[in-house]
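Reviewing the structure listed below.
In my numbering, the protein residues as written are 447 to 1205.
Written as structure tokens, this is what we have:
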């Protein structure tokens, strides 16, 4: 054969590279000869099987995976399998890591405000915001720098020294007692701090105080402080600062020092304390601190970013003792948001998990299909999934069951990096395979925006002014309709819904805010106001901001609730304050303002009775007897009118037009009277001889005769002789353009004698 040769030592060697695709099996005979060239009694058959070339590693890896919002769960590696090239492996471990730290506060969560999320999850009301937005009423946060946030929440920065918030006693007294729930968002370090590259954390040795509080109970003072020390979180609790010894609760948490956003919920029912980190419980190690610790001062005070204490100073000159409050501990260095305290009973675990659990993460498709010897572990934030097994076939089936899920209807679009790290253990450690780390990314596509449509309100609303001046006013949007629609299909099985493939508007859509704004001038509180049922808002858990510039209703609720609330908004005027028109604009939003509706503009017209209007002259009053009710119907076309009243009413614009027309008519009559009197006076002057002519012309038909040959004397004589006969027929007028005495214009009234006359 041309493929093989036998070397001197008797070994078989191939002469050309072998290829399994060209020929899988090679068969040939080998004959042996001794030194005397005697042939062996039997030939040996050699069969060579060429195996395909094998490269150990993952096959079928897809670097880019797309996810359409509303798809439920999708497999990340549907065609992925591990090739070990017949290497004997007794343990396989694969770690899948999904990076979501750049999405919001650590992962994709509901985009509603914290207050709206609490309502949707059924949380107990009554929380007190310790870091509210700066305002004249909440000015203790004005000294803290703020940072922008992707979820529209307010993020405060603390530098460990000067950035400290001292909460007023009026707010601190509302959160007293030994039963309370403290909740906050925390990120160690500043906004530009990156997570450590290695897992050996705990480089921070200083104990940084997040919150420190001394509150007055019925007849005593209690004290607690929450601090971080390296990768440890500690709660120092003193039930009675005058008698009982303090108790320290300690947790060792990786989340405290990874420089990522995490939510902490601390439920205190002394002596029981429960900590939730991102909605997952963590058990503490209870430590009784028996050291010599000075008692906190029995003064009520609540500080965020440091802890306080009293420093006693004795004056050398006067001998008087002065007490000054100073910050004794090292302040917190990092970011805080949503710091609230709710006194009373603690939240159930289901509510806390609903409030702060991630809505996206890694999952395993079907645990029942998991082969024997396989193990699956997912971390609490569902960002890391670990598979472990000893059989390659079972392991490959398990890898194809790893999924990505996102339960949000409107998931945050963007890229989520993916990593797959694999480690193998073989019986022969020297020849065991080493696989490189695979990197890819998951792309969450842009969700189809919901179309929020406001309708059912005409562009005009016309009502008598008396109705607006009534005690209840007039509803602005009595027939408002709000419709939300989506264009994409939704995996109903993943959402836990039955029925069709499209999401139901009535069930799936939730608004979180609507605003009514007067256009033009702001509301004048002395003349006008917008009325709304405050008790109904309180029962539904909605908040309201009512100012002269706008009225805003906020809170996550269904469309039907918002329709009822907006239909009840009324506009009321004070007596005699009605003008001619007022315009309002209505708009609504969803997902904390992420999606907005169309802007609905309403023009309100106030209808006035003619009897109550001021008439500029007697002519306007005389016009009222000619106004018929049928005339008003034509002038008010396009408006929605109530049942006709006894008195004739017209809209404000029509009233203005009538008044202007009547006034114009009065002016024309007056001008006509003056014109007639002027003409009459000029005619008398011409007959008396004081003037030779008149500048006024008669309105009747004229005959103009020009006689340039007539002399001045003859004309004067004729004019004198004919004066008695022609008083009713003729006037002699100087031509305005006359520059010669030889040309005169004789004006004659036609009708009596059509033939021209000569003089």
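Quick reminder that beta carbons are idealized off the backbone N, C-alpha and C, glycines included.
Query	Result
DSSP on residue 1021, reduced to helix/strand/coil?	coil
Would you grab the beta carbon distance between residue 654 and residue 777 for me? Rounded to a whole angstrom, and I think it's under 8 Å.	7 Å
Under a three-way DSSP split, which group does residue 984 fall into?	helix
Taking 8 Å as the threshold, find out whether the segment 832-842 comes into contact with the segment 882-899 through three or more Cβ pairs.	no
Going straight from the alpha carbon of residue 1115 to that of residue 966, what length do you get?	39 Å
Using DSSP's beta-bridge definition, name the partner residues of residue 793.	None, per the DSSP bridge assignment.
In three-state DSSP terms, what is residue 585?	helix
Do you know how far the Cα of residue 750 is from the Cα of residue 616?	16 Å
Distance, Cα to Cα, residue 466 vs residue 805?	50 Å
If we ignore side chains and look at the alpha-carbon of each, how far apart do residue 483 and residue 460 end up?	25 Å
If the criterion is Cβ atoms closer than 9 Å, does the pair residue 1018 and residue 915 meet it?	yes
If I measure Cβ to Cβ from residue 521 and keep anything under 6 Å in the same chain, skipping five residues before and after, which residues do I get?	849
Am I right that residue 711 and residue 802 are in contact with their C-beta atoms under 8 Å? What's the rounded C-beta distance?	7 Å
By DSSP's criteria, residue 1033 is part of a beta bridge. Which residues make up the other side?	961
Please work out which residues of its chain come closer than 7 Å, Cβ to Cβ, to residue 485, disregarding the five sequence neighbours upstream and downstream, and give them in chain order.	477 and 479
Which stretch, first to last residue, makes up the beta strand (DSSP E) that contains residue 689?	Here residue 689 belongs to no beta strand (DSSP E), and DSSP marks it neither H nor E.
Quick check on residue 558: does DSSP put it in helix, strand or coil?	coil
Closer than 7 Å by C-beta to residue 523: which residues in its own chain qualify, once you throw out the five before and the five after it? Chain order, please.	845, 846 and 848
Could you give the distance in angstroms between the alpha-carbon of residue 969 and the alpha-carbon of residue 558?	30 Å
Quick check: residue 898 and residue 1041, are their CB atoms within less than 9 Å of each other?	yes
Roughly how many angstroms lie between the CA atoms of residue 456 and residue 493, to the nearest whole one?	16 Å
Going along the chain, which residues of its own chain have a beta-carbon closer than 8 Å to the beta-carbon of residue 1015, five neighbours each way excluded?	921, 922, 923, 962, 976, 977, 978 and 997
Go through its chain and collect everything with a Cβ distance to residue 536's Cβ below 8 Å, but skip five positions before and after it.	836, 871, 872 and 873
Given a threshold of 16 other Cβ atoms within 10 Å of its Cβ, counted over all protein chains shown, does residue 546 qualify as buried or as exposed?	buried
What separation, rounded to the nearest whole angstrom, lies between the Cα atoms of residue 1206 and residue 1053?	The structure shown does not extend to residue 1206, since the chain is modelled only from 447 to 1205, so the question has no answer here.
Would the beta-carbon of residue 851 fall within 9 Å of that of residue 807?	yes
When the Cβ atoms of the segment 692-699 are set against those of the segment 725-734, are three or more pairs found closer than 8 Å?	yes
In terms of residue numbering, what span does the beta strand (DSSP E) encompassing residue 977 cover?	974-977
In whole angstroms, what is the alpha-carbon distance linking residue 453 and residue 463?	17 Å
Roughly how many angstroms lie between the CA atoms of residue 671 and residue 564, to the nearest whole one?	25 Å
Flag this pair as yes or no: are the beta carbons of residue 726 and residue 626 separated by less than 9 Å?	no
So, at 7 Å on beta carbons, what are the nonlocal neighbours of residue 1170 in its own chain, with the 5 sequence-adjacent residues on each side left out?	A caution first: residue 1170 carries a pLDDT of 42, below 50, which makes its placement in the model too unreliable to give a value.
Which of helix, strand or coil does DSSP assign to residue 672?	strand
If you run the structure through DSSP and keep just helix, strand and coil, what is residue 1004?	strand
Might you give, ordered along the chain, the residues of its own chain that have their beta carbon closer than 8 Å to the beta carbon of residue 587, omitting 5 neighbours on each side?	577, 578, 579, 580, 602 and 611
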